[in-house]
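Engineer: If you scroll down you'll find the structure; I have some questions about it.
2 protein chains.
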Amino acid sequence: MATFSCPVNSFFFRCCYGSSSNGNHGDYRVNINVNGNASAGPFKHHALVNEISLKNTSLASIQFLGNGHISEEKIRQRIPTKKQFVDPNRQGLIVERGVGYRQKVVIRSYEVGVDKTASLETLLNLFQETALNHVWMSGLLSNGFGATHGMMKNNLIWVVSRMHVQVDHYPIWGEVIELDTWVGASGKNGMRRDWTIRSQATGITYARATSTWVMMNEQTRRLSKMPDEVRGEISPWFIEKQAIKEAVPEKIVKLDDKAKYVNSDLKPKRSDLDMNHHVNNVKYVNWMLETIPDRFLECNQLSSIILEYRRECGSSDLVQSLCQPDEDEILFTNGMVQQNLLKNNVLGMVGGNGRPLDMNTVTYGYTHLLRTKGETRNEEMVRGRTRWKPKI
Amino acid sequence: MATFSCPVNSFFFRCCYGSSSNGNHGDYRVNINVNGNASAGPFKHHALVNEISLKNTSLASIQFLGNGHISEEKIRQRIPTKKQFVDPNRQGLIVERGVGYRQKVVIRSYEVGVDKTASLETLLNLFQETALNHVWMSGLLSNGFGATHGMMKNNLIWVVSRMHVQVDHYPIWGEVIELDTWVGASGKNGMRRDWTIRSQATGITYARATSTWVMMNEQTRRLSKMPDEVRGEISPWFIEKQAIKEAVPEKIVKLDDKAKYVNSDLKPKRSDLDMNHHVNNVKYVNWMLETIPDRFLECNQLSSIILEYRRECGSSDLVQSLCQPDEDEILFTNGMVQQNLLKNNVLGMVGGNGRPLDMNTVTYGYTHLLRTKGETRNEEMVRGRTRWKPKI
Chain A
1 MATFSCPVNS FFFRCCYGSS SNGNHGDYRV NINVNGNASA GPFKHHALVN
51 EISLKNTSLA SIQFLGNGHI SEEKIRQRIP TKKQFVDPNR QGLIVERGVG
101 YRQKVVIRSY EVGVDKTASL ETLLNLFQET ALNHVWMSGL LSNGFGATHG
151 MMKNNLIWVV SRMHVQVDHY PIWGEVIELD TWVGASGKNG MRRDWTIRSQ
201 ATGITYARAT STWVMMNEQT RRLSKMPDEV RGEISPWFIE KQAIKEAVPE
251 KIVKLDDKAK YVNSDLKPKR SDLDMNHHVN NVKYVNWMLE TIPDRFLECN
301 QLSSIILEYR RECGSSDLVQ SLCQPDEDEI LFTNGMVQQN LLKNNVLGMV
351 GGNGRPLDMN TVTYGYTHLL RTKGETRNEE MVRGRTRWKP KI
Chain B
1 MATFSCPVNS FFFRCCYGSS SNGNHGDYRV NINVNGNASA GPFKHHALVN
51 EISLKNTSLA SIQFLGNGHI SEEKIRQRIP TKKQFVDPNR QGLIVERGVG
101 YRQKVVIRSY EVGVDKTASL ETLLNLFQET ALNHVWMSGL LSNGFGATHG
151 MMKNNLIWVV SRMHVQVDHY PIWGEVIELD TWVGASGKNG MRRDWTIRSQ
201 ATGITYARAT STWVMMNEQT RRLSKMPDEV RGEISPWFIE KQAIKEAVPE
251 KIVKLDDKAK YVNSDLKPKR SDLDMNHHVN NVKYVNWMLE TIPDRFLECN
301 QLSSIILEYR RECGSSDLVQ SLCQPDEDEI LFTNGMVQQN LLKNNVLGMV
351 GGNGRPLDMN TVTYGYTHLL RTKGETRNEE MVRGRTRWKP KI
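So the protein lines, in turn, are chains A and B.
Each residue of the first sequence is one higher than the one before, counting from 1 in full-length UniProt numbering.
Each residue of the second sequence is one higher than the one before, counting from 1 in full-length UniProt numbering.
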């Protein structure tokens with residue numbers, strides 16, 4: 001179960017920071033300036049309203065203050081207060097009989113790594129972005145990070161408890177992809193959010209992801225039931241479809257000091273913080289992946305990752321990343337598997353179970369743990385499990 | 001002068017890596033797979049071509065191989081071979097009488113920092129992206145990082161020698177901005193590339209940038225004259241307009257061991273590398289800014305940065321970031337200037353020159369140096385100068 005903070009739908013990217021050892025957690029609300037002060041910002045509001053009126057036929061999404069003024073932030077953000085079906089700026093539209101969201105995205109030059117394919121970090125960022133844009137389109141968005149109006153009223157935030165991503169192919173620089181995202185029920189009080197990534201040119205689905213969310217009271221830090229008011233807001237958006245069907249979710253063992261690879265003294269930097277003053281969760285995943293040896297990363301690509309969130313880490317916490325390889329690590333390093341597969345010499349290689357390696361199914365696993373290094377004891381933050389396949 | 005590698009127009013983001021102490025520099029070409037091997041990738045090419053033919057009326061941008069097949073990468077990237085005037089996927093269009101480029105961008109949730117505004121890193125990334133998309137639209141793009149066909153033929157790459165960015169306002173999360181970029185002549189053998197960032201909602205220009213580029217032979221690592229063939233390709237795109245008018249460019253002093261702040265033992269990580277196997281230049285800027293004390297960054301925002309590039313760093317180099325504050329650093333730290341400005345108590349504060357501080361013009365400067373730490377001597381990589389203004 002998640003015991004750390006992660007606001008709604010914005011998924012698994014803002015997580016720790018703001019907590020402290022005495023349990024006095026930080027403020028997770030995004031301050032939307034409803035009483036914008038004209039003198040504080042660079043804009044003259046009267047002039048702005050006129051300018052926008054000229055430029056846009058619909059001002060439905062802009063809220064006016066009691067004094068007839070409009071806050072600078074609202075003019076610049078224009079969060080809709082009613083359901084939208086199309087957003088030409090975001091290249092997004094509502095699909096799936098009015099409840100799913102689809103967005104077109106071009107993979108940018110700085111979003112790819114050395115092999116010219118989008119990094120896992122890029123995919124995770126795009127999941128966060130489309131989830132937020134889905135809530136944006138719904139007209140339910142009450143603050144910058146995805147809480148609904150009913151949640152704000154009840155002081156509730158979303159926390160992610162689990163995330164599972166499967167990647168068959170990575171999009172390349174310049175490729176146009178379509179991301180679909182939707183939500184569904186998860187038990188009585190939870191929500192599932194799923195995604196798919198598809199290539200526009202080929203129609204092939206490259207990646208699938210699913211995540212589970214529960215609600216937490218922002219002040220008490222306790223998990224909460226879903227209030228009827230909130231259920232009323234979000235349940236009309238629930239659909240049954242699942243991006244990844246998991247009969248029995250894989251159990252992730254808890255690593256200890258005997259783990260083969262350990263990175264210690266990891267510390268969040270200022271630039272790791274997002275607009276909720278949390279360490280962005282992509283940072284977590286990077287901490288996990290950076291523990292795997294470079295020579296393995298050079299010849300293998302991640303095909304799946306499962307993350308189980310346990311607690312948030314404080315801004316001043318020192319973090320340890322532990323990593324334990326499955327058997328046969330040497331086979332997947334230094335390109336040995338690749339060379340053998342290319343030579344069609346597959347039958348000549350056997351895995352740890354004595355069976356021959358098969359080019360189409362051969363994958364390799366690592367188990368991960370991020371924990372805080374306390375003075376008296378260590379505390380679990382995230383357990384992870386990654387699977388990899390050879391780059392051919 | 002630049003003596004490190006930076007490919008064309010892609011501007012100042014891929015710079016070091018690939019060089020070594022014996023002068024044997026890495027390969028800077030992006031391998032575009034012209035002889036795509038159907039068996040290597042996940043796609044069936046015949047089926048794909050049919051699928052694309054059905055989906056798209058124009059196949060002008062896709063090149064067929066001698067055997068009638070089409071490379072997988074080309075299908076997925078679709079780099080145009082002729083000038084395009086509009087790209088609906090990138091939300092880009094050709095402006096300025098056919099030679100400038102404009103692109104609409106929405107600031108994404110993961111591109112903003114703790115104060116909900118886009119980071120400098122985000123702006124620099126968007127400069128790179130729009131520069132590349134400008135070349136993309138021109139039909140001149142011969143490889144993934146911006147070299148023209150004539151440059152590829154002559155084994156030339158672009159290297160950036162200078163960059164100057166001015167930021168009046170930072171865009172906020174969800175804000176729609178328009179980036180304009182264009183190129184011009186710089187001396188006999190150089191090129192200037194400029195940018196502006198404008199808010200779509202308000203029409204206000206938020207940021208301006210200019211950069212200077214020269215050509216380098218990829219093998220010899222020597223600067224090169226611009227061949228007539230290349231001048232013929234790019235000079236029709238030159239215009240005179242300048243985003244920033246600099247009568248006399250500011251001289252940046254070279255720091256030494258006496259600098260007040262020093263971060264040592266900085267080392268590029270695998271995830272810092274881009275598709276040219278270089279450390280992405282945003283990393284350079286981050287190394288500079290992370291040397292400034294947190295308490296200063298909390299109450300001030302960057303209003304300008306000038307970067308002078310001297311040499312690339314190798315993948316195994318250890319880097320030192322030096323930083324020297326101007327006088328009066330204490331005034332700009334801990335919110336003292338802000339508090340006084342807010343109280344309209346401006347006349348009560350004087351700067352180091354004995355003159356009162358003025359709310360509209362008060363800025364503060366740091367000088368920066370990134371250098372490699374060699375065994376026998378240190379070598380300059382980048383000199384920098386940043387100016388800051390109080391966050392109000």
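The beta carbon of each residue, even a glycine, is placed where N, CA and C say it ideally should be.
Just mark Ala118 of chain B as buried or exposed, buried being the case when its beta carbon has 16 or more other beta carbons within 10 Å.
Structural biologist: Here residue 118 of chain B is taken as the residue at index 118 of the second sequence, counted from 1. Buried is the call here.
Engineer: Give a yes or no on whether the C-beta atoms belonging to Glu246 of chain B and Ile172 of chain A are separated by under 8 Å.
Structural biologist: By one-based count along the second sequence, residue 246 of chain B stands at place 246. By one-based count along the first sequence, residue 172 of chain A stands at place 172. No; because the gap between Cβ atoms is not below 8 Å, this pair is not in contact.
Engineer: Assign Gln301 of chain B to one of three DSSP states: helix, strand, or coil.
Structural biologist: For the purposes of this step, residue 301 of chain B is taken as the residue at position 301 of the second sequence. Looking at Gln301 of chain B - three-state DSSP - the assignment turns out to be strand.
Engineer: So, at 8 Å on beta carbons, what are the nonlocal neighbours of residue 398 of chain B in its own chain, with the 5 sequence-adjacent residues on each side left out?
Structural biologist: What is shown of chain B runs 1 to 392, which leaves residue 398 of chain B out entirely.
Engineer: What whole-angstrom Cβ distance do Lys104 of chain B and Glu178 of chain B have, given they're in contact under 8 Å?
Structural biologist: Residue numbering aside, residue 104 of chain B sits at position 104 when the second sequence is read from its first letter. Residue numbering aside, residue 178 of chain B sits at position 178 when the second sequence is read from its first letter. Indeed, because the Cβ distance is near 6 Å, the residues count as touching under 8 Å.
Engineer: Pick from A:Met163, A:Arg78 and A:Val99: whose alpha carbon is nearest that of Ala201 of chain B?
Structural biologist: Residue numbering aside, residue 201 of chain B sits at position 201 when the second sequence is read from its first letter. With distances taken between Cα atoms, Ala201 of chain B lies closest to A:Arg78.
Engineer: Could you tell me which of B:Glu380, B:Val99 and B:His149 sits nearest to Ile157 of chain B, measuring between CA atoms?
Structural biologist: Stepping through the second sequence from its first residue, residue 157 of chain B is reached at position 157. Among B:Glu380, B:Val99 and B:His149, the Cα nearest to that of Ile157 of chain B belongs to B:His149.
Engineer: Would you say the stretch 97 to 115 of chain B touches the stretch 124 to 135 of chain A, given that touching needs at least three Cβ pairs under 8 Å?
Structural biologist: Yes, they touch.
Engineer: Within 8 Å, do at least three Cβ pairs link the stretch 153 to 168 of chain A to the stretch 79 to 90 of chain A?
Structural biologist: No, the stretch 79 to 90 of chain A is not in contact with the stretch 153 to 168 of chain A.
Engineer: Start and end of the beta strand (DSSP E) containing Val160 of chain B?
Structural biologist: By one-based count along the second sequence, residue 160 of chain B stands at place 160. Run containing Val160 of chain B: Leu156 to Val167, per the beta strand (DSSP E) assignment.
Engineer: Do Arg383 of chain A and His368 of chain A have their beta-carbon atoms positioned less than 8 Å apart in this structure?
Structural biologist: Along the first sequence, one-based indexing puts residue 368 of chain A at 368. Along the first sequence, one-based indexing puts residue 383 of chain A at 383. Yes, the Cβ-Cβ distance between His368 of chain A and Arg383 of chain A is below 8 Å.
Engineer: Can you tell which of B:Met137, B:Met152, B:Ala209 and B:Gly139 has its C-alpha closest to the C-alpha of Leu123 of chain B?
Structural biologist: As a first step, residue 123 of chain B must be located in the second sequence, where it is residue number 123. Closest by alpha carbon: B:Ala209.
Engineer: Closer than 9 Å by beta-carbon distance: list the chain A residues that pair up with Gly78 of chain B, in chain order.
Structural biologist: Numbered from its first residue, the second sequence carries residue 78 of chain B at position 78. Checking the sequence, you will find Arg at residue 78 of chain B rather than Gly. Ordered by position in chain A, the residues that pass the 9 Å Cβ test against Arg78 of chain B are Gly174, Glu175, Val176 and Ala201.
Engineer: Could you tell me the distance, in whole angstroms, from the CA atom of Asp294 of chain A to the CA atom of Pro390 of chain A?
Structural biologist: For the purposes of this step, residue 294 of chain A is taken as residue 294 along the first sequence, with counting starting at 1. For the purposes of this step, residue 390 of chain A is taken as residue 390 along the first sequence, with counting starting at 1. Rounded to whole angstroms, Asp294 of chain A to Pro390 of chain A spans 14 Å at the Cα level.
Engineer: Determine whether the beta carbon atoms of Val273 of chain A and Ser321 of chain A lie at a separation below 8 Å.
Structural biologist: Taking the first residue of the first sequence as 1, we reach residue 273 of chain A at position 273. Taking the first residue of the first sequence as 1, we reach residue 321 of chain A at position 321. It is Leu, not Val, that sits at residue 273 of chain A in the sequence shown. Against a cut-off of 8 Å, the Cβ pair of Ser321 of chain A and Leu273 of chain A comes out as no contact.
Engineer: For Gly100 of chain A and Ser316 of chain A, what's the separation of their Cα atoms in angstroms?
Structural biologist: By one-based count along the first sequence, residue 100 of chain A stands at place 100. By one-based count along the first sequence, residue 316 of chain A stands at place 316. For Gly100 of chain A and Ser316 of chain A, the distance between alpha carbons rounds to 39 Å.
Engineer: Using the Cβ count rule (16 or more neighbours within 10 Å means buried), how would you classify Thr376 of chain B?
Structural biologist: As a first step, residue 376 of chain B is located in the second sequence; it is residue number 376 there, counting from the start. Thr376 of chain B is exposed by the Cβ-count criterion.
Engineer: Quick one: complete beta strand (DSSP E) runs, 3+ long, within the UniProt domain "Acyl-ACP thioesterase N-terminal hotdog" (100 to 233) of chain A?
Structural biologist: With a minimum length of 3 residues, the continuous beta strand (DSSP E) runs that stay inside the UniProt domain "Acyl-ACP thioesterase N-terminal hotdog" (100 to 233) of chain A are 100 to 106, 156 to 167, 176 to 186, 190 to 199 and 205 to 217.
Engineer: Just to check my reading of the structure: Val183 of chain A and Ile234 of chain A have Cβ atoms closer than 8 Å, yes? What is that Cβ distance to the nearest angstrom?
Structural biologist: As a working note, residue 183 of chain A is residue 183 in the first sequence. As a working note, residue 234 of chain A is residue 234 in the first sequence. Contact flag correct, Cβ pair sits at about 7 Å.
Engineer: Have a look at A:Cys299, A:Val285 and A:Glu298 and flag the residue whose alpha-carbon is nearest the alpha-carbon of Cys323 of chain A.
Structural biologist: Here residue 323 of chain A corresponds to residue number 323 of the first sequence, with the count starting at 1. Minimum Cα distance to Cys323 of chain A is reached at A:Val285.
Engineer: State the DSSP-derived secondary structure class of Asn286 of chain B, mapped to helix, strand or coil.
Structural biologist: Within the second sequence, numbered from 1, the residue matching residue 286 of chain B stands at position 286. In this structure, Asn286 of chain B counts as helix in the three-state DSSP scheme.
Engineer: Measure the CB-CB distance between Arg102 of chain B and Gly92 of chain B and report whether it falls below 8 Å.
Structural biologist: For this step, residue 102 of chain B is matched to residue 102 along the second sequence. For this step, residue 92 of chain B is matched to residue 92 along the second sequence. Taking 8 Å as the Cβ cut-off, Arg102 of chain B and Gly92 of chain B qualify as a contacting pair.
Engineer: List the residues of chain B whose Cβ lies closer than 8 Å to the Cβ of Glu312 of chain A, in chain order.
Structural biologist: Position 312 of the first sequence holds residue 312 of chain A. Those within 8 Å of Glu312 of chain A in chain B number zero; the least Cβ separation is about 16 Å.
Engineer: State the CB to CB distance for the pair Glu129 of chain B and Tyr110 of chain A, rounded to an integer number of angstroms; the pair is presumed to be in contact (CB under 8 Å).
Structural biologist: Translated into the one-based positions of the second sequence, residue 129 of chain B becomes position 129. Translated into the one-based positions of the first sequence, residue 110 of chain A becomes position 110. Confirmed, about 7 Å.
Engineer: Could you confirm whether any beta carbon from chain A is found closer than 8 Å to the beta carbon of Ser321 of chain B?
Structural biologist: Taking the first residue of the second sequence as position 1, residue 321 of chain B is located at position 321. No, Ser321 of chain B does not count as interfacial toward chain A.
Engineer: So Leu273 of chain B contacts chain A; which residues on that side make the cut at Cβ distance below 9 Å?
Structural biologist: Looking up residue 273 of chain B in the second sequence gives position 273. Near Leu273 of chain B (Cβ distances below 9 Å), the residues of chain A are Gly113 and Val114.
Engineer: Given that Ile94 of chain B touches chain A, what residues does it touch there, using C-beta distances under 7 Å?
Structural biologist: One-based indexing of the second sequence puts residue 94 of chain B at position 94. Under the 7 Å cutoff, chain A gives no residues; its nearest Cβ is about 17 Å from Ile94 of chain B.
Engineer: For Asp265 of chain A, name the three-state secondary structure that DSSP assigns.
Structural biologist: Along the first sequence, read from residue 1 onward, the residue named residue 265 of chain A stands at position 265. It is a strand residue.
Engineer: With distance defined between alpha-carbon atoms, name the residue in B:Gly232, B:Lys269 and B:Asn155 nearest to Arg221 of chain B.
Structural biologist: Counted from its first residue, the second sequence places residue 221 of chain B at position 221. The shortest C-alpha separation from Arg221 of chain B is found at B:Asn155.
Engineer: Measure the Cβ-Cβ separation of Asp194 of chain A and Thr181 of chain A and say whether it is below 8 Å.
Structural biologist: The residue given as residue 194 of chain A occupies position 194 in the first sequence. The residue given as residue 181 of chain A occupies position 181 in the first sequence. A contact, by the Cβ cut-off of 8 Å.
Engineer: Should Ile292 of chain A be labelled buried (16 or more other beta-carbon atoms within 10 Å of its own) or exposed?
Structural biologist: As a position in the first sequence, residue 292 of chain A is number 292, starting the count at 1. Per the 10 Å Cβ criterion, buried.
Engineer: Check distances from the C-beta atoms of the stretch 243 to 269 of chain A to those of chain B and list, in chain order, the residues that come in under 8 Å.
Structural biologist: Answer set for the stretch 243 to 269 of chain A: Lys269.
Engineer: Across which residues does DSSP place Phe296 of chain A in a beta bridge pair?
Structural biologist: Taking the first residue of the first sequence as 1, we reach residue 296 of chain A at position 296. Paired residues: none, contrary to the question.
Engineer: Name the DSSP beta bridge partners of Asp87 of chain A, please?
Structural biologist: Position 87 of the first sequence, counted from the start, is the residue given in the question as residue 87 of chain A. Paired residues: A:Gly92.
Engineer: Closest to Met226 of chain A by C-alpha separation, out of A:Asp257, A:Gly187, A:Ile239 and A:Met137, would be which residue?
Structural biologist: Position 226 of the first sequence holds residue 226 of chain A. Of A:Asp257, A:Gly187, A:Ile239 and A:Met137, the residue nearest in Cα terms is A:Gly187.
Engineer: Which residues in chain A have a C-beta closer than 7 Å to the C-beta of Glu129 of chain B? List them in chain order.
Structural biologist: Reading the second sequence from its first residue, position 129 is the one you call residue 129 of chain B. Correct list: Arg108, Ser109 and Tyr110.
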